[in-house]
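S.K.:
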Amino acid sequence: MATVVAMRFSGLDRGAAGPLSQVAEHARHVERLGFRRFLVAEHHGVPGIPAGQPGMLAAYVAARTHRIRVGTAGIMLLNHAPFLVAEQLNLLEALYPGRIDIGIGSSVGFTAPVRQALRQGEPTELKQRFEAELATLMRYLRGEEAVTVRPEYAGTPVATQEAAARVYREHALADAPPIISSLNIAAADTAAAARDLLLPEAYAKVRAQSTGEFAPLRPAGELDMDALTGQQRRRIEEALAHDVWGTVEGVGEELRGVGKRLGISEFVVTGDMPDVAGRARSEELLASLQGEN
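Going by UniProt numbering, the first residue of the sequence shown is number 1, and it counts up by one from there.
1) Residues in its own chain within less than 7 Å of R99 by CB, not counting five upstream and five downstream?
2) For F9 and A27, I'd like the C-alpha separation in whole angstroms.
3) Between the region 196 to 214 and the region 222 to 241, are three or more C-beta pairs nearer than 8 Å?
4) When burial is assigned at 16 or more other CB atoms within 10 Å of the CB, is V40 buried or exposed?
5) On the three-state DSSP scale, how would you describe T148?
6) Distance, Cα to Cα, Q232 vs R207?
7) Sort out for me which residues DSSP pairs residue 317 with in a bridge.
8) According to DSSP, E131 sits in a beta bridge with which residue or residues?
9) Is T190 buried or exposed, if buried means 16 or more other CB atoms sit within 10 Å of its CB?
10) Using DSSP with H/G/I as helix, E/B as strand and the rest coil, what is I68?
11) At what residues does the beta strand (DSSP E) containing G291 begin and finish?
12) Are there 16 or more other CB atoms within 10 angstroms of the CB of S21, so buried, or fewer, so exposed?
13) Per DSSP, D101 forms a beta bridge with which residues?
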């Protein structure tokens with residue numbers, strides 16, 4: 001019997017440039033559309049992205065919404081002491097019971113100066129340390145360490161994703177753990193318009209590989225594509241090829257295929273878009289897919 005996927009979406013906000021109130025407005029917008037969760041990211045030293053403290057930002061959003069689940073995607077554990085993360089998670093759950101979802105990640109600083117500012121070591125060393133620190137965090141949350149986390153919480157509001165769905169399902173804490181996939185997704189009235197929504201982020205990332213700095217995003221119409229080398233153009237196309245974009249019909253068909261193949265129960269919609277109106281329209285179109293089989 002084939003797997004049937006009911007479309008369900010969450011939104012990821014990396015903290016756009018401008019007033020932080022825009023983040024809350026974004027959360028309320030997707031809450032009205034029926035999205036299941038609103039997640040915030042952790043980034044350091046990136047212009048226009050005030051997302052260095054995702055736990056604080058999640059609390060800010062939760063206080064300004066009503067029903068939507070709120071959380072992080074994710075807290076980068078290598079930047080924090082596991083005990084402090086455990087305290088923060090339990091406090092969030094105590095403040096907003098039943099609404100908090102926390103993702104834990106292993107990413108390190110984007111550039112050497114950022115890693116130095118965060119007092120990190122070399123990326124290879126940090127990756128080896130992640131599993132040990134994650135295990136320590138889980139022991140704190142279960143109350144298995146000598147120091148007790150306050151406030152106490154009976155559950156474990158942490159979701160982690162392994163590299164493969166099979167490994168995740170074998171080792172996850174829940175009896176029937178869901179798989180939630182994060183993808184850059186954009187829908188518009190035309191495929192070209194949807195591509196333009198995701199182009200600014202791909203452009204900025206490719207440029208950053210050459211300059212070492214992640215510049216503020218600009219709308220697609222303001223990008224100087226003629227200044228790119230042939231290799232940079234190819235890298236942008238490669239990045240966009242891994243994203244999901246197009247008309248709502250095309251996006252829906254692609255997501256249903258991915259969902260059935262991998263057993264995904266929910267998609268987190270990512271993609272930094274300086275075109276705020278275009279992002280809102282994309283989310284409205286995606287909302288029309290929710291509940292579809």
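Think of the CB as a built atom: it goes at the ideal place given N, C-alpha and C, for glycine as much as any other residue.
M.R.: Short version:
1) The residue given as residue 99 occupies position 99 in the sequence shown. Once the five neighbours on either side are set aside, the close Cβ partners of R99 are A62, R69, V70.
2) If you number the sequence shown from 1, residue 9 lands on position 9. If you number the sequence shown from 1, residue 27 lands on position 27. Straight across, the Cα-Cα distance linking F9 with A27 is about 13 Å.
3) Counting Cβ pairs under 8 Å, three or more are found: they touch.
4) The residue given as residue 40 occupies position 40 in the sequence shown. Burial call: buried.
5) If you number the sequence shown from 1, residue 148 lands on position 148. T148: coil per DSSP, three-state reduction.
6) Counting from one through the sequence shown, the residue named residue 232 turns up at place 232. Counting from one through the sequence shown, the residue named residue 207 turns up at place 207. If you draw a straight line from the Cα of Q232 to the Cα of R207, it is about 8 Å long.
7) The first residue shown for the chain is 1 and the last is 293, placing residue 317 beyond what the model contains.
8) Working through the sequence shown from its first residue, we reach residue 131 at position 131. Per the DSSP secondary-structure output, E131 pairs with nothing in a beta bridge.
9) Position 190 of the sequence shown, counting from 1, holds the residue named residue 190. Burial check for T190: the Cβ neighbour count within 10 Å stays below 16, so the residue is exposed.
10) Numbered from its first residue, the sequence shown carries residue 68 at position 68. In the structure shown, I68 sits in coil (DSSP, three-state: anything other than H, G, I, E or B).
11) Here residue 291 corresponds to residue number 291 of the sequence shown, with the count starting at 1. Counting along the chain, G291 sits inside no beta strand (DSSP E), nor does DSSP assign it H or E at all.
12) Stepping through the sequence shown from its first residue, residue 21 is reached at position 21. Per the 10 Å Cβ criterion, exposed.
13) Taking the sequence shown and counting its residues from 1, one reaches residue 101 at position 101. D101 is bridged to G71.
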